[in-house]
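Residue numbers (the UniProt record's numbering): 1 to 453.
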Amino acid sequence: MKHVYLETFGCQMNVADTDRMELLLFHSGYTRTQHAEDADLILVNTCSIRDKAEQKVYSLFGSFRPLKQQNPDLLFGLAGCLAQQEQNQLLKRMPFLDFIIGPDAVEDVPLAVERVRREGKPVAWTEFDREKHYSIPVVAPVKPPGPSAFINIIKGCDKFCSFCVVPFTRGREKSREASEIYEEARQLVDQGAREIILLGQNVNAYGKNGLQTPVAFHELLYGIADIPGVERLRFTTSHPRDFTAATIRAYRDLDKLVNHLHLPVQSGNDRVLDRMRRNHTVDAYMERIDALKEAVPGIALSTDIIVGFPGETEREFEDTLRLMEQVEYSNSYMFAYSPRPNTPAALYEDSVPDEEKKRRLHATIELQSRLTEQLGQRFVGEEVEVLIEGRTARKSLTFKGRNPEYWMVMFSGGEEDLKPGDTVRVKVESAQNHVLKGVYCSRPVGTAATAGR
1 MKHVYLETFG
11 CQMNVADTDR
21 MELLLFHSGY
31 TRTQHAEDAD
41 LILVNTCSIR
51 DKAEQKVYSL
61 FGSFRPLKQQ
71 NPDLLFGLAG
81 CLAQQEQNQL
91 LKRMPFLDFI
101 IGPDAVEDVP
111 LAVERVRREG
121 KPVAWTEFDR
131 EKHYSIPVVA
141 PVKPPGPSAF
151 INIIKGCDKF
161 CSFCVVPFTR
171 GREKSREASE
181 IYEEARQLVD
191 QGAREIILLG
201 QNVNAYGKNG
211 LQTPVAFHEL
221 LYGIADIPGV
231 ERLRFTTSHP
241 RDFTAATIRA
251 YRDLDKLVNH
261 LHLPVQSGND
271 RVLDRMRRNH
281 TVDAYMERID
291 ALKEAVPGIA
301 LSTDIIVGFP
311 GETEREFEDT
321 LRLMEQVEYS
331 NSYMFAYSPR
341 PNTPAALYED
351 SVPDEEKKRR
361 LHATIELQSR
371 LTEQLGQRFV
381 GEEVEVLIEG
391 RTARKSLTFK
401 GRNPEYWMVM
411 FSGGEEDLKP
421 GDTVRVKVES
431 AQNHVLKGVY
441 CSRPVGTAAT
451 AGR
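What follows is the structure, encoded as C-alpha cells:
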C-alpha cells in the first residue's frame, strides 16, 4: 500500500473529518504513516477560525516542500476551512499544492487524489454540498475507535456571529437522521467504544433542518443513552440560544450524560455581545448556567472567550473577567480578536491596539489558571471515576483518562489488570493546570452509569 501522512488543525469536527479521510483513503490503497518523509501523500486538514492557525499551515507546508523536491510523485493536499475560505488563492500562494478540498468534499478525497494523479494538474474542490439532507455513508472501519468516539450529527451554522467564518466555510445547518446516528453509535460500541461524543459547529441546533423524521436534540440524547454499551455521553459545541430547558432536564435525568458542558459566551458585556451578533445577553446566559447548576450540582463548565473585540473598552473587558469568576469555568479557550475574511466584524474599526489585546489576553489566561487551580484542589483527596484512554509516557504514572467533568486524570497502579476502555476509581493526590494525578483504587466498575453523580 501507499502511505499518507495526515495532520490536523482546529476543532474536534476537524479531527473527526481527518479520521474519516483516513478511512476513505485506506480503502483507496493508502495506509497512515507517522513520518512525512515516508509519505506518498501529505494531507493537512486546516482551520481558519484564527489567523494564527492559518500561519501555522503555511509554515508547515513550507517545511514539507523539500520532500516534494526529493520525490516529485509526492502529492500535497490541503483540506478543511482554510481551503474553503481561500480556495484558488491557496494555489497561487502555494503553487506546489496538488489539490484543495473544502469540508463538504471530505467524502470525495479519494476522487481528488485519483484525479490529480490522472490529469497531472492541481484540483480545487470547494463546492458546497447542495443536498438538503446530511448523511455519512457506512464504510468498513480500519481500526477500533478507542474508548471515546466522535459522531458528527450536524454540520454548518446559521447564527452568523459577526466575527465567525464558520457559515462561510461549513455552510448552513443540516442534521443527520437520528436512525443513522443510532446505527453508527451501535457500531462504535460493538467495536469497543464506551463514550460517545456528539459533534457539530452548533450541536444543540440539531433537528431544526434537514430531517425527514423530526427529532429534537434532547430526544436524540435520550435515544443514544438507551443504546446498550454506551457508558458515557458528551456533546460539543453548543450555542446559548439553542441550549433549552429540555436539554437541562436531560442532564438531570440521564446519568450517562456526564456532568460537563462547553458553552461559549465570548464576552461578559451586553454591548460587545450585541456587536458580535450573539443574540443573547449576559443575563440570559447566566439563567441557563444557574438552571444547569441547580439541576446538576458540581457540573464543570468551559467556554470560549474573545478579548480585544473592536470597540471593547477596558470596563467591558473587566465585565468578562467578572463573568468568568461568577461562572467558575474549569477551562476556557481564550483568544485575542483577529479579523476574518467575509465577516461583518472585519469591517469594524479595530480600535484596540495589538499590545492591549495581548495584555487583556494575558490577564484572561491568568484568571483562568487561578480558577482551574482552585477547582482542581477540590478533587484532591477525593476518588474520581476515570474512563481509561491509554497509557502515559511518564515513568511514575501508568494510565491516563478523563473523569466525567472532563479533567485529564493520570494515575499509577493496575499495570497487570487494566486496559483502555476500563472505568476505574482513582484517588486524586494532586492537581496542576487541568490535570489530576493519583493512584488506582478499585477494579473496573461494570459501567459509568454513576458518572459524576
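Every residue, glycine too, gets a C-beta built ideally from N, C-alpha and C.
These figures come from a predicted structure and were not determined experimentally.
Sequence-distant residues of the same chain with beta carbon closer than 6 Å to residue i, five excluded per side
i	result
Met410	Thr392, Leu397, Lys400 and Lys437
Lys52	none
Leu254	Ala225
Val296	Tyr251 and Asn259
Val435	Met408
Asn202	Cys157 and His239
For residue i, the three-state DSSP class (helix, strand or coil)
i	result
Ser148	strand
Gln432	strand
Cys441	strand
Thr213	coil
Met1	coil
Thr450	Caution applies to Thr450, whose pLDDT of 39 falls short of 50 and renders its modelled position unreliable; the value that the coordinates give is listed next. DSSP places Thr450 in coil when its eight states are reduced to three.
Tyr222	helix
Ala39	coil
Ala16	helix
Arg234	strand
Val138	coil
Tyr348	coil
Leu301	strand
Lys143	coil
Leu375	helix
residue 455	Past the boundaries of the shown model lies residue 455; the chain is included only from 1 to 453, so the question cannot be answered.
residue 455	Absent from the model: residue 455. The displayed extent of the chain is 1 to 453, so no value can be given.
Arg370	helix
Val380	coil
Leu25	helix
Val165	coil
Leu323	helix
Tyr406	coil
Arg50	coil
Glu312	coil
Same chain, Cβ closer than 7 Å to residue i, neighbours up to 5 away in sequence not counted
i	result
Gly210	Lys132, His133, Tyr134, Lys174 and Ser175
Pro346	Per the sequence shown, residue 346 should be read as Ala rather than Pro. Pro339 and Arg340, listed in sequence order.
Glu16	Looking at the sequence provided, one finds Ala at residue 16 rather than Glu. Cβ within range, chain order: Phe150, Asn152 and Leu199.
Ala300	Asn259, His260, Ser330, Glu405 and Tyr406
Leu90	Leu78, Ala83, Leu97 and Ile100
Leu323	Val265, Gly268 and Val282
Ser302	His262, Tyr329, Ser330, Asn331 and Ser332
Arg278	Cys161 and Gln266
Glu312	Val272 and Val352
Asn433	Thr372
CB-CB length for residue i against residue j, believed under 8 Å
i	j	result
Thr33	Phe9	Between Phe9 and Thr33 the Cβ distance is about 19 Å, and since that is not below 8 Å, they are no contact.
Glu385	Arg425	6 Å
Ala185	Val230	7 Å
Ala216	Gly207	5 Å
Cys81	Thr169	4 Å
Pro264	Asp304	4 Å
Ile181	Leu220	7 Å
Pro144	Gln191	5 Å
Met334	Gln368	7 Å
Val4	Leu25	5 Å
Val307	Arg360	4 Å
Ser48	Gln85	5 Å
Arg288	Phe243	5 Å
Bridge partner(s) assigned by DSSP for residue i
i	result
Ser412	Val439
Gly390	Lys400
Asp354	Bridge partners of Asp354: none, in fact.
Glu328	Glu328 is not bridged to any residue.
Leu6	Leu43
Glu385	Arg425
Ala336	Val307
Ile365	Answer is none; Ile365 lacks a bridge partner.
Tyr30	Lys2
Lys155	Lys174
Own chain, CB closer than 8 Å to residue i, minus 5 neighbours either side, in chain order
i	result
Lys2	Gly29, Tyr30, Thr31, Asp40 and Leu41
Asn88	Ala124
Met21	Leu6, Leu43, Asn45, Ala79, Val106 and Val109
residue 456	Residue 456 is absent from the structure shown; the chain starts at 1 and stops at 453.
Thr213	Glu177, Ala178 and Ser179
**Report entry** Ranges of the beta strand (DSSP E) found wholly within the segment 241–295, counting only runs of at least 3
**Finding:** 260–262
Query raised in the report: Whole alpha helix (DSSP H) runs in the segment 69–132 with 4 or more residues, listed along the chain?
Result: 81–86, 88–93 and 109–119
Query raised in the report: Enumerated in chain order, which unbroken segments of the alpha helix (DSSP H) with a length of 4 residues or greater are wholly contained in the segment 167–209?
Result: Counting whole runs of 4 or more residues, the segment 167–209 contains the alpha helix (DSSP H) stretches 178–190.
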